[in-house]
Structure formats: structure tokens, C-alpha cells
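Peer 1: Those protein sequences? They're chains A and B, same order as listed.
Just so you know, we're using this note's numbering here: the first sequence kicks off at 70 and counts up by one.
Just so you know, we're using this note's numbering here: the second sequence kicks off at 1119 and counts up by one.
Every residue, glycine too, gets a C-beta built ideally from N, C-alpha and C.
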Amino acid sequence: MRRRSPAQRALIAAGAVLLALFWFGPFVLVGIGSVIPEGNLLSFPPRWFANPPFLGNYRYIFTGEIPQTYLERGALRSMISQEVRLVPRAMLNSVLIATAVMFLSLTLGSLAAYAYARLRFPGRVATFNFILISRLIPTVALAIPYYAIVLRLGLLNTHWALIAIYTVLTLPFSILVLTLYFRTIPAEVDEAAQVEGASPLQVLRHITLPLSLPSLVGTGLFTFMLAYSEFLFGLLISTSARTRTLPVTLGTLSTNPDVAWGLMMASIVVGSVPTLLLVIPVWRFMVRGLMSGAVQ
Amino acid sequence: MGDTTAPRGQAQALPVEQRWSYRWRLARSGLLMTLPALLVIAAFTVYPFWYALNESVHLSSPILGRRFVGLDNFRNVITSPYFLDAARTTLIFGVIAVPVLVVLGVLVALLLNERFPGNTLLRAGMLLPWAIPASVVGIIWKWVFLDSWGALNAGLYSLGLIDSYISWLTTPWLARFAVIVAFTWSQLPLVAILLLAALQAIPDELYEAAAIDGASAVARFWAVTLPGIRPMLVIVTLYEILMALNIFDITYAMTGGGPGTATSLLTYYIWAETFKMLNFGNGAALAVVIALLALAFIAAIIRALPKEALLGEHA
């Protein structure tokens, strides 16, 4: 390791502190905002720390018990948006949809990825390029046709429509990552099995997939996260409050000028729990893999 | 060009006719295994694109029914002041946000490439802004910048730095600034990670050789680091241009395109034209325009990528 001058060390320390503030600051502010009573939040001058932390916002989301602080000031009661109560339901919708998308995308993706990684067939390069390019079309350009198709099929307001759309949106990514990973497995392993008379499908199921577990986990979780986060199609397809996904429920809440911000913040904290749980495994299996892949 | 992707060894050991049937079997498997994914993707890409094209040259109205109008929708859209406004706003966003992202990305990658306590925490923590839904990014930053009781105003006021609250989200240029900050926050992690990977791929020997030649740290950056990460810089820049063309969730949740149309980007404008104004013909024409724009960038990306990078012949 090179020796650093004091000036260099100061520069690195300052950069690290600034970066930490930028990355984490907004999250800390949301956390603080979710435990400040509404009256203190809205007051001028700000009185954030006038009262001890207040958990009523969280209690309301799960039990519907209106926080004392809102009852004290009658005028504020109307600001409690009923829709906040839909956050747990929306999370469930999002988790169900994202789980289905994850399995569909991995199944279709690993089948295609094995073919692209190992087999030669007519149209191999052309269809691979087509799959990758398909994902680069701006989603908003597909919004109108998707909406019209879903409407005609009578699937508006169903999870099926979103599962299908998200599978299509994540599939190119799954195919790309899995193809690159499958190619890192020595082909001799496959050949040995094929000498024994195994079909490509059997090789995939019994040899390639077990060897690719880290990549499958990483790709699957990443797919889950993409489906969990998608907003535009969720907004178009789910028009009723009950079928909405979490990003849509939160996104439409924030455009409501009467929303209670304490409740909004508590909803964000609750809704981010799945993301927080997934970030570390995604990091371990996927991003590190991408980085070591780039180093090779 | 060693053909190591197909199991060649065994095939060559067989008589000619069996070798052919073996190859045919593998090719058939390849076609069958890619078919489900291809069908699904094609059904959701080719047909919708054709649908949008078709819709863009028709005018549907509840009274007159549906009729062919040629390129009228395109003319309406492209000459509309709202479109020009949205296109200008998108251009402003791209011109500011993308260079800011790339420069900050390089700085962050250089920082994270150094060894210091807390480095791992920063690397893991940077995934959070990237992982949470973009609509939530919009809400989080709305709470920071909110005019009347936002966190930034409250903080600056409490520290005595301002006497009255700043109207961040209702002043056009400040609102644009706020949206760019939120966009940067959500995109910087990916940019920095990709550039960091490129940095780590630069061989140490190059730095050592430059140091022996007496090059200063700044000179080493221009002579060794920058050329080393140039391919990744190109890819990241083009990718972020595409992302900037795609911003929708953040502005929807954060500003609703306002104040006025200050943060109405093309995507937001398409959405409003189609689903608020219910003008499908114009919306479809806009969609075609933005898709063609994106295709131009895609062509640039593919030219920038090294040939055979993804499906190359070496395993």
C-alpha cells in the first residue's frame, strides 16, 4: 500500500463523510419524520425534537387506531389518508407479483440462457440481440399498447397482467446474466454427461443449474426487486385500490395534497423492509459477481 | 476461433451421418429451449410496437369513429408547444444530469477504490438508494425539499442559515435542481459500481510504471486511469442518457411535472397526453418518436461495445 500524505488522508476522509451523508441522510430523515407527531412536523419554527419518539403512525398502518395526536387537533383528522391502511395489502400484492415474476423469469430465462451459452442453432446471435434490444425500448412507448391489450383481454385490475408484463421486462436481463454465467462453467462437464446420452434439458437440470446456484439466487432476487419496484405499468393496470402494488399506492399517496406526512414516512419505512432484506443477498450474489466478472 | 461452446469432441468421433443427426438434435433443442422466452418477448414487443405505429396514424373519436389521418398526429405532436416544452426540459435534464452523474461516479469510484475504514459500509449502503422503488425516491426527496415543512428548510432554518423557508418545489429552476438531485441519488450507485469494477481491472503494473517515470497523481489519472475506464465511461454515459429519457416515477411522485411544466419531461408528457387527455393517437405518435430516439442511442451503444463481447466464441 502506498503511503498517503496528510492532505490525501484529509481528502479521503472528507469524501467519505460527504458520501455517507448523501447516501444515508435522506433515509435518516425519513426515519425521523415517521416518529414525529404531526403537529410538531408542521409547526414553524420546526419543533422536531420537542416530544419523545412517537409510534402512533406505525400503529395506525397496522391496526387502524387513529393516533392521539390527530384527535387533539380536530382539523387534522381529515388529513389521515385512509389509503395508508392499504400499505400492508399493497405490500402483499407486490410480494406475490414479484415472487411469480421471479420464478417465471428464472424458468424461461435459464432454458433460453442454456441454449445461448451451449448450443448452436440457426438464428442464435440474431435472436439474442433481439432479446437484449427489446428491453431498451422506453417503457413509456409500450404503455399505450400494453394498456389496450390488457383492456381487450379483460385483465385490467388483475395481477396476471402485471405478472406477464414484468416477466417480459425482466426476461432479457435474466437471459443475459445467466448466459454469461453458464459460459463460465467448463463445457467439458456437459460433454461428459452428453457422452452418457443426456439431453440438453437433462444437462441443464442436473448439472448446469446446481452449479449456477449463486447466479440463480442473485438473478432471481434482482428480478424480484425490479418487479417489486415497477411503477408505470402498475399505475396503468391497477386502477382499484385493492389490487395496487406498493410503489403505486405510495406514489399516488404522495400526490394527494392532504396526505399526513408522518403516516407517509412510516409507510415508506414499512414498505422498504423487503428491499432492506434483499439488498445484502443481491449484493453478495450479484453485484460482486458482476464486478469479478468485469475484472477477468 | 476455437469452437468450444458446442461439444465437438464427441460429434467428431461419430460417423458422418450420426454426427449430422447429433448436430440436428442439439440445434432442435436450442430452438425449443429459446422458443418460450422468444415468443413471450416478441408478443410483448413486436405486436405492441406495431399497435403503437398503427394507432399513431389513426384518429379515434367517440363521435366520428376511427379514421386514417396519415401523419397528422405526428404533425400535431411535434408542432405542439407542449411537446417542444417537454423536449426542451428533457434536454436540459439530460445535459445537466448525465455529466454530473458521470463525473460524480468517477470521483466516488476513485474514493471507494482507496482503503479506509468504513469503505465496506459505504459500498453496501450505496445499494439502498439504487434498490428502493423510484417512486419512493421521489417521495423521500419531496419530504427533503418540501416548501412548507420540508426537512431541508427546517434544518437550514434551525441552523440559522436562512431567515425564511425557500420554495424549492414551486420555483421552476429549484424544482429542476431538486429532481436532478433525486435522480442522481438513485442512479449514482450503479454508475459508481460499474466504474469501480473498471478501475479494479486496471493492472497495478501500469501505475507502478507511471510512478517510476515520475508521473504525479494527477498525471497518472490522465495517463493511466482515464484510458483504462474509457470503455465503461462510454457505456455508462449512454445508459444514463437512456435512463434520463425514461424518468417518470420520480417526477410523478415528487413534483407532478410542476411547477407549471418546469419538470414535465417527455415521458410525463406522453403519460399526461394519453391517460389524462385520453388522446391515444397523439400519445402513440409521441411513443413512436421517443422509441426512435432511444433506438438511435441503442445503435450508438452497440457500436461502442466491443464486438463479440456477449456471445463471443471463447468460453
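Which whole-angstrom value describes the C-beta separation of Phe-1366 of chain B and Val-164 of chain A, a residue pair presumed to lie in contact below a C-beta threshold of 8 Å?
Peer 2: About 23 Å; that fails the 8 Å criterion.
Peer 1: Could you tell me whether the segment 1326-1333 of chain B touches the segment 1272-1288 of chain B, where touching means 3 or more Cβ pairs closer than 8 Å?
Peer 2: no
Peer 1: Using 8 Å as the limit for Cβ to Cβ distance, is Trp-1385 of chain B near chain A?
Peer 2: At residue 1385 of chain B the sequence reads Thr, which differs from the Trp that was named. Cβ-Cβ to chain A under 8 Å: yes for Thr-1385 of chain B.
Peer 1: For Trp-330 of chain A, which residues in chain B fall below 7 Å Cβ to Cβ?
Peer 2: Trp-1261
Peer 1: With respect to the alpha helix (DSSP H) encompassing Phe-302 of chain A, which residues constitute its N-terminal and C-terminal limits?
Peer 2: Per DSSP, the unbroken alpha helix (DSSP H) holding Phe-302 of chain A starts and ends at 301-306.
Peer 1: Could one say the Cβ of Leu-1173 of chain B lies closer than 8 Å to chain A's Cβ atoms, at least one of them?
Peer 2: Residue identity differs from the one stated: residue 1173 of chain B is Glu in this sequence, not Leu. Cβ-Cβ to chain A under 8 Å: yes for Glu-1173 of chain B.
Peer 1: Under 8 Å, do Val-219 of chain A and Ile-306 of chain A count as touching if we go by C-beta distance?
Peer 2: yes
Peer 1: Secondary structure at Phe-118 of chain A, three-state DSSP: helix, strand or coil?
Peer 2: coil
Peer 1: Can at least three beta-carbon pairs, one atom from the segment 1156-1170 of chain B and one from the segment 1351-1358 of chain B, be found at a separation below 8 Å?
Peer 2: Not touching, per the Cβ criterion.
Peer 1: Count the other CB atoms, across all protein chains shown, that sit within 10 Å of the CB of Ala-335 of chain A; report buried if there are 16 or more and exposed otherwise.
Peer 2: Ala-335 of chain A is buried by the Cβ-count criterion.
Peer 1: Measure the Cβ-Cβ separation of Ala-1106 of chain B and Gly-1223 of chain B and say whether it is below 8 Å.
Peer 2: Absent from the model: residue 1106 of chain B. The displayed extent of chain B is 1119 to 1433, so no value can be given.
Peer 1: Which residues mark the beginning and the end of the beta strand (DSSP E) in which Arg-1184 of chain B is found?
Peer 2: Residue range 1183-1186 is occupied by the beta strand (DSSP E) that includes Arg-1184 of chain B.
Peer 1: For Asp-327 of chain A, count neighbouring C-beta atoms within 10 Å of its own C-beta (all shown protein chains included) and say buried if the count is 16 or more, exposed if not.
Peer 2: exposed
Peer 1: Exposed or buried, Gly-178 of chain A, counting other C-beta atoms within 10 Å across all chains shown (16 or more means buried)?
Peer 2: buried
Peer 1: Please tell me whether Met-334 of chain A has its Cβ less than 8 Å away from any Cβ of chain B.
Peer 2: yes
Peer 1: Does the beta carbon of Gly-125 of chain A sit closer than 8 Å to a beta carbon anywhere in chain B?
Peer 2: The beta carbon of Gly-125 of chain A does not come within 8 Å of any beta carbon belonging to chain B, so the residue lies off that interface.
Peer 1: Taking the alpha-carbon of Thr-1343 of chain B as reference, which of B:Ala-1316, B:Leu-1396, B:Arg-1184 and B:Ala-1160 has the nearest alpha-carbon?
Peer 2: B:Ala-1316
Peer 1: Can you list, in chain order, the residues of its chain whose CB lies under 7 Å from that of Thr-248 of chain A, leaving out five sequence neighbours each side?
Peer 2: Ala-182, Tyr-185 and Ala-186
Peer 1: Which runs of the alpha helix (DSSP H), 4 residues or longer, sit entirely within the segment 314-358 of chain A?
Peer 2: 315-323, 330-340 and 342-351
Peer 1: For Glu-1115 of chain B, count neighbouring Cβ atoms within 10 angstroms of its own Cβ and tell me buried if that reaches 16, exposed if not.
Peer 2: Chain B is shown from 1119 up to 1433; residue 1115 of chain B falls before or after that span and cannot be answered.
Peer 1: Could you check the C-alpha separation between Leu-280 of chain A and Val-351 of chain A for me, to the nearest Å?
Peer 2: 18 Å
Peer 1: Report yes or no: is there a C-beta of chain A within less than 8 Å of the C-beta of Gly-1236 of chain B?
Peer 2: yes
Peer 1: Short of 7 Å in beta carbon distance, which residues of its chain neighbour Tyr-216 of chain A, apart from the five on each side in sequence? Order them along the chain.
Peer 2: Leu-305
Peer 1: Can you pull the chain A residues whose beta carbon is under 8 Å from the beta carbon of Phe-1211 of chain B, in chain order?
Peer 2: The contacting residues do not exist; Phe-1211 of chain B stays about 14 Å from chain A at best.
Peer 1: List, in chain order, every chain A residue whose beta-carbon is nearer than 8 Å to that of Ile-1250 of chain B.
Peer 2: Ser-298, Ser-341 and Thr-344
Peer 1: Since Ile-1416 of chain B and Leu-205 of chain A should fall inside the 8 Å C-beta cutoff, what is the C-beta to C-beta distance between them, to a whole number of angstroms?
Peer 2: 5 Å
Peer 1: How would you label Trp-368 of chain A, buried or exposed, when you count the other beta carbons within 10 angstroms and need 16 or more for buried?
Peer 2: The shown model of chain A, from 70 to 365, leaves out residue 368 of chain A, and the question about it has no answer.
Peer 1: Going along the chain, which residues of the segment 1141-1159 of chain B sit with their C-beta nearer than 9 Å to a C-beta in chain A?
Peer 2: Arg-1141, Arg-1143, Leu-1144, Ala-1145, Arg-1146, Ser-1147, Gly-1148, Leu-1149, Leu-1150, Met-1151, Thr-1152, Leu-1153, Pro-1154, Ala-1155, Leu-1156, Val-1158 and Ile-1159
Peer 1: Would you say Arg-154 of chain A faces chain B, with C-beta separation under 8 Å as the test?
Peer 2: no
Peer 1: With C-beta atoms as the reference, is Leu-301 of chain A less than 8 Å away from Ala-212 of chain A?
Peer 2: yes
Peer 1: Going along chain C in order, which residues have a C-beta closer than 9 Å to the C-beta of Trp-1303 of chain B?
Peer 2: Judged by its chain identifiers, the structure shown contains no chain C, and its protein chains are A and B.
Peer 1: Could you check whether the Cβ of Val-348 of chain A sits closer than 8 Å to any Cβ belonging to chain B?
Peer 2: yes
Peer 1: For Ser-1521 of chain B, which of helix, strand or coil comes out of DSSP?
Peer 2: Here chain B comprises residues numbered 1119 to 1433, so residue 1521 of chain B is not present and cannot be evaluated.
Peer 1: Below 8 Å on the Cβ atoms is my guess for Met-1244 of chain B versus Trp-92 of chain A; work out the distance and round it to an integer in Å.
Peer 2: 6 Å
Peer 1: Alpha carbons only, please: which of A:Thr-318, A:Val-286 and A:Val-264 is nearest the one belonging to Glu-299 of chain A?
Peer 2: A:Thr-318
Peer 1: For Leu-1189 of chain B, I'd like the list of residues in its chain whose CB is within less than 8 Å of its CB, leaving aside the five on either flank, ordered along the chain.
Peer 2: Val-1175
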